[in-house]
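Single-structure report; data block below.
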Amino acid sequence: MQKNTLVLTIKYLTHLYKISIIIILLLQFSCKQEGRIKTLSFAHNLPVSHPVHKGVEAFKTHLENISEGKLTLKIYANGQLGSEREVLELLQIGSVSMTKVSGAAMSNFVPEYRVLGVPYLFRDKSHLFKVLEGEIGEQLLQKGTASWLRGLCFYDAGSRSFYTKNKFIKKPEDLDGVKIRVMSDKMSVAMVEALGGAPTPMSFGELYTALQQGVVDGAENNAPSFVTSRHFEICKYYSLDAHSYVPDVVIMGTKFLNLLTKEEQQWVFDAAKKSAQDQKKFWKVSEDTSMDILKESGVEFFKPNKGLFADKTRQIKTAFIKNEEMKILIENIESIK
Ligand code: GCU
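So the sequence shown is numbered by this note's numbering: it starts at 21 and just counts up by one.
And the structure:
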């Protein structure tokens, strides 16, 4: 080999060596960076235009800020990973880290949550949040731990009212024989039964088709869910009887929670609590705009005499308070001013 060629080859190899060192360093750096970020999966069943989804996005932002980028969320909306019940089961076995479900769905796993769906128990939104953000709410959030489901915070889910395809529900008698889709929990079934309707439990994701095909004649929900699910394209009668204020609840599987350090767990708790305050604001805006959208879409409203519905459903509370623990819980809730 000639001297010149040898020098060139050595220079070329040195250059190649330097480049490989830089590549290895870059790779190591990016791996470390990636390795340091823990991604928690968060699945829920509502559309991305829903104020609850916006709350979950705020949770992600708070978590990234509080943890200085060490923890983040990957959000799966729209029931991509299953119904509320299915996702709660995924949390229990540690396949998904977090979810947001209705308190009604949680009551299938933690019976105390049933109290949140007792018709006409909460006087109004402010009463509800005094309970949820006080000692009773905190106890409920912690109760789930025994079922591997730790509650982190509550989200506003407004009040639930009937919407139907063919006629208004102006008084309980109008529900006679009417098939109403309800959430799959005992309290929701008992509520429609007490009013004389035919309760049909099914998951939220199945409801649009069920309404379209006449499997059910109506359902009940808050205005933002009525709008974002587009059920208003089929149901044109909304009777604002506000029979329950059952809230949503953000849950973390304890299988996953226990994998985090104490410091990381605290970041998750703090970010969740902060997101709950944001979510209430998103809710307020969405509730107002949803009512406008419904009006513009030709949905008619009726404000029934709530007392008629409250009278018919009173038996639910009577049955409920036969259990001493539930009696105390209800008395405590009612005593909060
Ligand atoms: C509300 C609630 C959901 C729930 C839904 C339902 O939209 O936020 O969590 O799934 O009602 O009626 O199933």
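Even for Gly, the Cβ is constructed at its ideal location relative to N, Cα and C.
Exercise. Residues in its own chain within less than 6 Å of Ala-210 by CB, not counting five upstream and five downstream?
Worked result: Ile-336
For this session: Can you give me the Cβ contacts of Ser-50 inside the same chain, cut-off strictly under 6 Å, excluding the 5 residues immediately before and after it?
Result: Caution is warranted here: a pLDDT of 29 is assigned to Ser-50, below 50, making its placement in the model unreliable, and the coordinate value is therefore given only provisionally. Closer than 6 Å at the Cβ level, and outside the excluded window around Ser-50, lies no residue.
For this session: Compute every distance between the C-beta of Leu-152 and the non-hydrogen atoms of ligand 1, then say whether any falls below 7 Å.
Result: No, ligand 1 has no heavy atom inside 7 Å of this Cβ.
For this session: Classify Val-270 as helix, strand or coil using the three-state DSSP reduction.
Result: DSSP places Val-270 in strand when its eight states are reduced to three.
Exercise. Candidates Glu-344, Asp-298, Ala-292 and Asn-352: which alpha carbon is nearest Ser-87's?
Worked result: Ala-292
Problem set entry | Span of the beta strand (DSSP E), counted from its first residue to its last, around Asn-241 | 238-241
Problem set entry | Any non-hydrogen atom of ligand 1 within 7 Å of Ser-122 CB | yes
Exercise. Is Leu-152 near Ile-271, with beta carbons less than 8 Å apart?
Worked result: no
For this session: Mark Gln-297 as exposed unless 16 or more other C-beta atoms lie within 10 angstroms of its C-beta, in which case mark it buried.
Result: exposed
Exercise. Where do the N-terminal and C-terminal ends of the alpha helix (DSSP H) with Tyr-175 fall, by residue?
Worked result: Looking at the DSSP string, Tyr-175 is not in any alpha helix (DSSP H); the run it does join, the beta strand (DSSP E), is 169-175.
For this session: Taking 8 Å as the cut-off, decide whether the C-beta atoms of Leu-161 and Ile-353 are in contact.
Result: no
Exercise. Going along the chain, which residues of its own chain have a beta-carbon closer than 8 Å to the beta-carbon of His-73, five neighbours each way excluded?
Worked result: His-64, Leu-66, Pro-67, Ile-95 and Ala-97
Exercise. Relative to ligand 1, is the shortest distance from any of its heavy atoms to the C-beta of Asn-65 smaller than 7 Å?
Worked result: At least one heavy atom of ligand 1 is nearer than 7 Å to the Cβ of Asn-65, so yes.
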